[in-house]
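In the numbering used here, the protein residues as written are 7 to 154. Structure record follows, encoded as structure tokens.
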């Protein structure tokens with residue numbers, strides 16, 4: 007209920023957010039569902055969507071509008087299954103990352119571009135590193151990722 011109160015206050019203050027990501031504890035699917043049906047903004051699962059089985063439950067419970075896929079969380083096989091399940095359930099997708107160098111994010115960029123399934127890209131963890139030791143085969147130019 008705190009999450010709903012928070013986003014309602016944002017909405018009333020004229021703040022528009024694209025997606026409200028993981029507003030409750032990862033195992034609180036009922037809470038996630040409550041926020042989804044009482045929020046003025048779309049709700050995404052992040053920590054609640056670790057495996058394809060987690061996402062299947064989220065779909066059955068109608069608990070979210072979006073799923074944030076992280077390859078370091080789900081692996082490639084589950085990520086592919088999650089993309090297909092989300093498409094079948096008309097859920098939207100975000101691709102994210104954990105605390106990874108550009109080596110890990112490189113895989114996510116290729117995965118996202120290869121599937122063409124994502125509305126949001128949150129692949130900023132290499133930007134937080136003091137020193138980057140791997141140079142991947144992608145570049146970031148503003149909001150665009152380019153693969154060479």
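Quick reminder that beta carbons are idealized off the backbone N, C-alpha and C, glycines included.
Based on DSSP bridge pairs, tell me the residues matched to residue i.
i           : result
residue 71  : Beta-bridge pairing links residue 71 to no other residue.
residue 145 : 152
residue 98  : 72
residue 172 : No answer is possible for residue 172: it lies beyond the span of the chain, which begins at 7 and ends at 154.
residue 26  : 49
If contacts are defined as beta-carbon pairs under 8 angstroms, then residue i and residue j qualify, I think. What distance do you get, rounded to the angstrom?
i           : j           : result
residue 26  : residue 50  : 7 angstroms
residue 156 : residue 125 : This structure does not reach residue 156, given that the chain is present from 7 up to 154, and the question cannot be answered.
residue 102 : residue 76  : 5 angstroms
residue 97  : residue 65  : 7 angstroms
residue 35  : residue 63  : 7 angstroms
Among the options, which residue has its Cα nearest to the Cα of residue i?
i           : options          : result
residue 95  : 76, 67, 122      : 67
residue 71  : 86, 87, 39, 59   : 39
residue 144 : 110, 61, 136, 88 : 110
residue 22  : 28, 31, 48       : 48
residue 120 : 32, 16, 153      : 153
residue 108 : 84, 90, 122, 137 : 137
residue 122 : 62, 17, 93, 61   : 93
residue 84  : 151, 60, 150     : 60
residue 29  : 147, 14, 19, 149 : 14
*Validate contact between the region 101 to 115 and the region 124 to 134 using beta carbons, cut 8 angstroms, 3 pairs*: yes
*Tell me, please, whether the region 79 to 87 touches the region 44 to 61 by the rule of three or more beta-carbon pairs shorter than 8 angstroms.*
yes
*asked:* If contact is defined by three or more beta carbon pairs under 8 angstroms, each pair taking one atom from either stretch, is the region 37 to 47 in contact with the region 7 to 25?
replied: yes
*Counting only runs of 3+ residues fully inside the region 43 to 92, write out the beta strand (DSSP E) ranges in chain order.*
49 to 51, 72 to 76
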